[in-house]
Structure formats: C-alpha cells, structure tokens
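Residue numbers (full-length UniProt numbering): 1 to 302.
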C-alpha cells in the first residue's frame, strides 16, 4: 500500500529548500493553515494566495509566522482581504521586494498615527490605491473636497516616496475572476491617485531607480510641467503607460482613453516609451516620432 505524504511532509522530506508556494482554498482552509504553520521560520520567501475567498485568519497567520522572511506577496486574486491586510505586510515585512493586490483604500496611508512601513527594499508596487474618502468618512463631514483630496494625495505620495529602491510603480487595478469565471474590475477613475505636482507628485523625487510607471484612468490631471518633472527626476525611467491623460484633449481623436501626443513626444525625446492601454487599442507603445505613414479613414474625429 502506497504511503501518501502531506504537503508539509513533502516540503520537509522531498523539497527541503523550497522557498515559494501558491495556495488555493480549494485545498482546504485547515490545510492552508497547516502549511503556513509547518513551514520553517525564515524559509518562506514567496507566496501567492490564489482563491478569492481565502479567509483573513490565513493571512494573519502568514504574517505572524513568516513576516521576517517574505520577499514577494501576491494577494491579487482576493477581493476583500487585501484592503485590510496589505498594509500589515508593508508594516511588518522588512525583506519585502514585490507586493501585488487588486486594490487598497487610502485610509491607512493618510492616517498620521499609522505605523511606518519597514519594507525599505521594496522594488515593485502593483496596487491600485482607492482615493475615495466615503469608505471611512461620512459624506456630510468631508468639508472642502478638493482641499482634502490634495492633502490626502500628498500624504500617499509621501509614503511611496520613502520606497527608494522602487523600480516599478503600478497603480492599475487588478482584474479578479468572479464565480462564473469572468475576469472583471471596477476602476474608479475620479478617485485614483493623481500624478500631478499640484497633488504632491514631487514627493517621489528621490525614486531615482524607478524604471516603469503604470496608472489607472484618464483623469490624472497631468500637464506638461508634470511630464517635464518626471523626465528630469526619474532619470532611469524607461516606460510609462496608462489609460490616457486629461480629458481636455480627448476631442483630438474623438475617443476616450487616448494619450496626448505632445506628452508622448516629450517622453520619447528622453527615450521613454509612452502610450495608452485601453480596450480596443493596441498594447504596444506609440512614439509619434516613429510614425512613417498615417492614413485617415473617417472624418468623424475632426
């Protein structure tokens, strides 16, 4: 009769040097907890929780046991838990280099009494930051919305600006598979973090190692002086990609989510690939200086 080994036994007897694991709750919540608790402290470096319904107690236990060794954490398949727990990874995991989840709320980022982040080695941030204050402040107490929004954006940028090793700043919302197997996401274009000096972008001036920037939505308030600031301060920037710039130039092409060609040209002059990523548009990057032939098939946009 064949003897079957449990996953913890396999790790200990067959794969003693295993450092990475992806876990589904279909595997059983108790088994997930057993794996987390049996893994030797200091040995687990990379993990991904791939079921949208994995409970918070699994994430809490993961932090309790392995916060000191975790380097890569992927919670992008879980809808609710990351909004609460991802901040704890940033506050408790000093070795963290890459973090990914669908979205987090800005509240823990703007609270003055919140513990500082310890993830000074972080190189890749792939999290959409929801700047909607209604999730934690009653609408009647918001005061001056624009003034509050600017203050909150600046505080978030202050947090991000301390991540001096950052190479990739990805502010797009991750898609999540629902019960029917359909991938979807619900971007809140009016509530994203604005890449604008007016809103505090200057706090990222020391991210000299930054190579790639991705953003969500088209209402980014980005202007020529913001683009100029980026190419002057992010000297290693190679790529910037999003769903278009401000609404003021959408009429140029008669479409939504189209980048301003002037800004693409400015980035291109500094050898930075720039372009849009939207449904119905090619995923490659557009540099106007490389256009050799242009054919207009309709006059509807002019």
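C-beta: ideal position from N, C-alpha, C; glycine also. None of these values were measured; they are calculated from a predicted model.
Taking its Cβ as the centre, do 16 or more other Cβ atoms sit within 10 Å of residue i, making it buried, or is it exposed?
| i | result |
| --- | --- |
| residue 127 | buried |
| residue 235 | exposed |
| residue 133 | buried |
| residue 17 | exposed |
| residue 77 | buried |
| residue 56 | exposed |
| residue 284 | The pLDDT assigned to residue 284 is 36, lower than 50, so where the model puts this residue is not dependable; a value taken from the coordinates is nonetheless given after this. It counts as exposed. |
| residue 87 | buried |
| residue 74 | buried |
With distances taken Cα to Cα, identify the nearest neighbour of residue i among the options.
| i | options | result |
| --- | --- | --- |
| residue 167 | 227, 204, 41 | 204 |
| residue 154 | 132, 202, 241, 269 | 202 |
| residue 152 | 226, 111, 115 | 111 |
| residue 93 | 226, 65, 262, 34 | 65 |
| residue 116 | 162, 130, 104 | 162 |
| residue 19 | 207, 90, 47 | 47 |
| residue 242 | 95, 113, 274, 88 | 274 |
| residue 109 | 85, 209, 221 | 85 |
| residue 100 | 120, 238, 194, 129 | 129 |
| residue 214 | 225, 37, 170, 41 | 170 |
Which same chain residues, not among the five before or five after residue i, have their C-beta less than 6 Å away from its C-beta?
| i | result |
| --- | --- |
| residue 32 | 23, 58 |
| residue 98 | 72, 124 |
| residue 90 | 117, 119 |
| residue 270 | 231 |
| residue 67 | 92, 93 |
Rounded C-beta distance between residue i and residue j? I'm assuming under 8 Å.
| i | j | result |
| --- | --- | --- |
| residue 216 | residue 173 | 6 Å |
| residue 191 | residue 266 | Not really, about 27 Å apart at Cβ, beyond 8 Å. |
| residue 193 | residue 222 | Not quite, the Cβ-Cβ distance comes to about 12 Å (not below 8 Å), so this is no contact. |
| residue 150 | residue 230 | Rounded, the Cβ-Cβ distance is 19 Å, inconsistent with contact. |
| residue 35 | residue 54 | So it is not a contact: roughly 12 Å between Cβ atoms. |
Using three-state DSSP, classify residue i as helix, strand or coil.
| i | result |
| --- | --- |
| residue 190 | Bear in mind that the predicted position of residue 190 carries a pLDDT of just 45, short of 50, making it too unreliable to give a figure here. |
| residue 69 | coil |
| residue 23 | strand |
| residue 98 | strand |
| residue 226 | helix |
Sorted by chain position, which residues of the same chain lie with C-beta nearer than 8 Å to residue i's C-beta, five sequence neighbours on each side aside?
| i | result |
| --- | --- |
| residue 224 | 262, 263, 266 |
| residue 37 | 61, 65 |
| residue 69 | 41, 42, 43, 44, 45, 95 |
Starting from the C-beta of residue i, find all residues in its chain whose C-beta is less than 7 Å away, skip the five residues before and the five after it, and write them out in chain order.
| i | result |
| --- | --- |
| residue 240 | 213, 267, 272, 274 |
| residue 209 | 165, 166, 167, 236 |
| residue 157 | 200, 201, 203, 204 |
| residue 206 | 161, 164 |
| residue 238 | 211, 212, 272, 273 |
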